[in-house]
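Have a look at the structure below before the remarks.
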Amino acid sequence: MSAVLNLVSIFIFPGMIFLVILGLAGQFVDRKLYARLQNRVGPPWYQPVADLFKLLGKEAVVPEEADRRMFTAAPIFALAAVIAAYLYIPLWGLKPVLSFQGDLVVVLYLLLIPTLTFFLGGWYSRSIFSTLGAVRSITQLFAYEIPLLIALFSPALLANTWSIAGIAAWYAAHPWLWLVNLLGFAVGMVTLLGKLERVPFDAPEAETEIVAGSFTEYSGRFLAFFRVAIDSEAIVSSSLLAAVFLPFGMGLPVWLGALVYLAKIGGILSVLALMRTVFARLRMDQMIAFCWRYVAPLAFLQVIIDLVVKEFV
Amino acid sequence: MSDTDRVVTVPIGPQHPALKEPESFMVDLRGEKIDAVRMRFGYNHRGIEKGAESRSYTQDLYLVERVCGICSYSHSTAFVQAVEEIGGLELPRRAKYIRTLIAELERIHSHLLWLGVAGHEIGFDTLLMYTWRDREQVMILLAKLTGNRVNYGMNTLGGVRRDIAPEMYPEILRVVDLLEERTKNYIDLAQTEQTLIQRLSNVGRLSREDALRLGTVGPTARASGVDRDVRRDDPYAAYPEVSFKVVIDDHCDVYGRTVVRLGELLETYSIIRQLIKNMPDGPITIKAPRRIPEGEAVSRYEAPRGEDVHYVRGNGTEKPERVKVRAPTLANFSSVSKMLEDGYLADLPIVIAAIDPCFSCTDRMVELRDGVSRDSRSLTWEEVSRMGVQWYRDRGIDPSRITIPGACG
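Protein sequence lines correspond, in order, to chains A and B.
FYI, in the working numbering the residues of the first sequence are 11 to 323.
FYI, in the working numbering the residues of the second sequence are 348 to 756.
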């Protein structure tokens, strides 16, 4: 691959620009659906873009007490990690931009970085609300990350490969076997709510307790970067779930495949918005108990199911 | 160093997204658990009691109505009842019925508002949007009946200022029917929605003994099994002529307070139907004298938040000599620190919200006396400003670099 092509895939398609646009579109879908479900009108389609540019134009204040380097680097790291993760995920063709044996682990690792930056950004803000939010972020991470890992590894176990493209190709060759992994998909959806810090797992940024959690001190372009990173993270994680758990329609012509892909992540985002509407926020202790008591055992059950099915394939 | 032996102090307020009014809660945390809470009033003192002394009784009606934005009618009625008692005025029956009707409509809008706020405090914004959508129905109805959405201006000495046209009765009943159906929906939700029950049950516990000892009133007391309601115990206006049940619950927690308020809504709908059915004809006001004779009276009123007490002393002139307002929040407030004991930080907003607090209604002037000489002194504006600058300079902060005449800088 030539250098120019590399740059194009990192910065334009399917990298930064495409992902950011998709992220903003996803934010719109989420907000509009959330509003309509709550009997509100909701924002016009350009609202996420307008919000982003308004934030970019605002003064960016760095608190005097904060560690300037960590404070300003955190949002950029968050966005960079998310974009890097996106390059490994097959969207509609079977081949992503980059792929190697074991990239599933790398993508999960890259998707961990945004949460770590929430922690570091909040911790180095040195404000009490940011610190509490940071600690809650990292506490929550230990609750949802393990079930998410197990849930994502079980389809890989069945397909006998650690590359996402490999998993997608294997399930394309064995149609309908993805139905075995529906339980894992459900686990993935629930843990995704924790990863994206959404209701009912949004204690790390619970407005009525700790203002905005890690982001309390952030403003201007730093906050804008964080927001874009979170929106993009939603897209990347739902693309990952779609590639691993819903691997159908991968060999279609490009335009049709693109539509199927958009429908998949649109569906996942809609379910996330629906869950956000119907639940109240759980306390940290309730969230952790819920993840370890119900979600983690279900993830293990998925592993067992896959091991059993593997005997027959 | 373990997480549990470090105490972190978190300032909730005076400015904080969870609080709709300025109030200070300094929360000492061990991990996520609350160690101690220090509460402070006094950020929103408006001097209404003092202001009432320099205005005529009629002007005071409108001033007192502005004690609270939500239970404005409660304060106005409690005040006017006290004045009428001193003046020996007996209201026409129709005026009593109209007062009760507006009071109950106000209870609907206050309880629906509370339900929405409670939803918001536990991160359940959908409940907020739904209840406030329904609340809008009763707000529109109140605007149609009185001309205003809040601060209705309905009361006058010896009656009410506006009559309710019989053509409005079907409209009132329509809104009541609609809201009753929606309220039943919310009751169903409160009984089945798991995250809601988990967030409300066993949170902010207040035993019956503590509720009595700390003098709680209204739904807060009734949710702890205290059977008290001024509407039944010391009836005023048209309450002796309607039948209703006092809703009591023995959950003793925030969930109980939710159940009580939802149950009270259903009772309120039944009261309104009875009022409309039995609404008498006749005048809505009697002539009241401008000068109120010497005398004093205490008036009790069951506001949506609990018992509201007004004390008025007249001295034979057009102006009252003393007006004292005891808002329900003051009675309930001391129970908050009890409820927060051993709680989680996450539960703090909902526990505070569960007494349905109204801080501005409660704020009074505090006179600071010297500990030794028992002397209270007042400061001039220059002295206050000098003291403020000096306070910061002593701590090495000089944001303004201004020199104030007479300041030792």
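We put the beta carbon where it would ideally sit given N, CA and C, even for glycine.
Could you tell me how far apart the beta carbons of residue i and residue j are, in whole angstroms, since I believe they sit closer than 8 Å?
i        : j        : result
B:Gly653 : B:Pro566 : 7 Å
B:Lys666 : B:Ser423 : Actually they do not touch by this definition, with Cβ atoms about 17 Å apart.
A:Ala222 : A:Met294 : At roughly 16 Å, the Cβ-Cβ gap does not stay under 8 Å, so A:Ala222 and A:Met294 are not in contact.
B:Gly463 : B:Leu448 : Going by Cβ atoms, the distance from B:Gly463 to B:Leu448 rounds to 23 Å, so no, they are not a contact pair.
B:His458 : B:Leu612 : 5 Å
A:Phe235 : A:Leu89  : 6 Å
A:Leu158 : A:Thr125 : The pair is not a contact, with the Cβ atoms about 11 Å apart (cut-off 8 Å).
A:Gly131 : A:Glu215 : With a Cβ gap of about 12 Å, A:Gly131 and A:Glu215 do not count as contacting.
B:Asn391 : B:Asp710 : 5 Å
A:Gln150 : A:Phe87  : About 19 Å; that fails the 8 Å criterion.
Residue j and residue i - do their beta-carbons sit closer together than 9 Å?
i        : j        : result
B:Val550 : B:Asp600 : yes
B:Gly505 : B:Ile633 : yes
B:Val593 : B:Val411 : no
A:Asp77  : A:Arg136 : yes
A:Gly194 : A:Ala309 : yes
B:Arg482 : B:Ala490 : no
A:Val197 : A:Val305 : yes
A:Pro24  : A:Val115 : no
B:Gln406 : B:Ser646 : no
B:Arg578 : B:Glu649 : yes
A:Gly33  : A:Asp241 : yes
B:Met515 : B:Val507 : no
A:Leu233 : A:Pro73  : no
A:Trp102 : A:Gly267 : yes
B:Val656 : B:Ala425 : yes
B:Tyr616 : B:Ala537 : no
A:Lys68  : A:Ser229 : yes
B:Pro513 : B:Pro630 : no
B:Met476 : A:Asn49  : yes
Which same chain residues end up closer than 7 Å to residue i when comparing Cβ atoms and leaving out the 5 residues on each side of it in sequence?
i        : result
A:Arg286 : Tyr44, Arg208, Val209
A:Val313 : Ile160, Ser164, Leu167
A:Ser109 : Tyr98, Ser173, Ala175
A:Trp188 : Tyr181, Phe255, Leu256, Pro257, Phe258
B:Gly360 : Leu366, Pro369, Glu370, Ser371, Phe372
A:Ala94  : Leu120
B:Leu530 : One detail in the question is off: residue 530 of chain B reads as Thr in this sequence, not Leu. The residues are Leu609, Leu612, Leu613.
B:Leu561 : Ser681, Ser682, Lys685
B:Gln484 : Val522, Leu525, Leu526
B:Leu559 : Val573
B:Ala700 : Val464, Ala465, Glu468
A:Ala13  : none
Could you pull out every residue in the same chain whose Cβ sits closer than 6 Å to the Cβ of residue i, ignoring the five residues on either side in sequence?
i        : result
A:Ala253 : Ile99, Pro100, Ile174, Ala178
A:Trp180 : Ala169
A:Ala244 : Gly36, Leu206
B:Glu431 : none
B:Gly383 : The residue asked about is misnamed: residue 383 of chain B is Ala in this sequence, not Gly. Asp375.
B:Arg555 : Ser571, Gly572
A:Leu66  : Arg231, Ala234
A:Asp316 : Ser164, Leu167, Leu168
A:Ala283 : Asp40, Leu43, Tyr44
A:Lys320 : Leu168
B:Trp479 : Gly463
For residue i, write down the residues that DSSP places opposite it in a beta bridge.
i        : result
B:Leu357 : At residue 357 of chain B the sequence reads Val, which differs from the Leu that was named. Paired residues: B:Val374.
B:Thr503 : B:Gly506
B:Met386 : B:Phe372
B:Ile381 : B:Leu376
B:Tyr691 : B:Lys380
Return the chain-ordered list of same chain residues with a C-beta closer than 8 Å to the C-beta of residue i, the five sequence neighbours on each side being excluded.
i        : result
B:Arg552 : Cys599, Asp600, Met686
B:Thr356 : Met373, Val374, Asp375, Leu376
B:Ala754 : Interpretation of B:Ala754 is limited by its pLDDT of 48, a score under 50 that renders its predicted location unreliable; the figure taken from the coordinates is listed afterwards. Excluding sequence neighbours, B:Ala754 sits near Arg733, Val736, Gln737.
B:Gly690 : Lys380, Ile381, Val550, Gly551, Val698
B:Met348 : The pLDDT assigned to B:Met348 is 40, lower than 50, so where the model puts this residue is not dependable; a value taken from the coordinates is nonetheless given after this. Excluding positions up to five away in sequence, the list is empty.
B:Val607 : Pro566, Arg569, Ala570, Val594, Ile595, Asp596
Query raised in the report: What alpha helix (DSSP H) runs, 4 residues minimum, are completely inside the region 593-675 of chain B?
Result: 601-625
Query raised in the report: For the region 536-590 of chain B, which segments carrying the alpha helix (DSSP H) assignment without a break, of at least 4 residues, lie completely within its bounds, in sequence order?
Result: The region 536-590 of chain B contains these whole alpha helix (DSSP H) runs: 541-547, 555-560, 565-569, 577-580.
Query raised in the report: At what residue ranges does the region 156-196 of chain A contain a whole run of the alpha helix (DSSP H), taking only runs of 4 or more?
Result: 174-183
Query - Every unbroken alpha helix (DSSP H) inside the region 33-118 of chain A [4 residues or more] - result: 57-67, 78-96
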